[in-house]
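In our numbering, the protein residues as written are 10 to 85.
For reference, the structure discussed in these notes is given below.
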């Protein structure tokens, strides 16, 4: 057995260079921010902990796991 694990981190709206142009529309930006529990878009650092956990020995029994890190966006 190879001990292959398959997990996923599902980020919400994260401020990165790829969406910089879309963030210039302040109404759009605020609409999204208002749907999160923290009233802001996420930062790359906000998802780093979930990614790090899945890479650590502490998660060795986790497989088929989807970790959503979206500030509560999907919860509405």
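Note that CB positions come from ideal geometry on N, CA and C, so glycine has one too.
_Reduced DSSP secondary structure (H/G/I, E/B, other) of residue 13_ = Three-state DSSP puts residue 13 in coil, outside helix and strand.
*Measure the Cβ-Cβ separation of residue 51 and residue 23 and say whether it is below 8 Å.*
In this structure, residue 51 sits near residue 23, with a CB-CB distance shorter than 8 Å.
_Is the separation between the beta-carbon of residue 16 and that of residue 63 shorter than 8 Å?_
Their beta carbons are under 8 Å apart, which means residue 16 touches residue 63 by this criterion.
_Please list the terminal residues of the continuous beta strand (DSSP E) segment that includes residue 77._
Element bounds for residue 77: 75 to 78.
_For a quick check, are the C-beta atoms of residue 101 and residue 45 less than 8 Å apart?_
Absent from the structure is residue 101, since the part of the chain shown begins at 10 and ends at 85.
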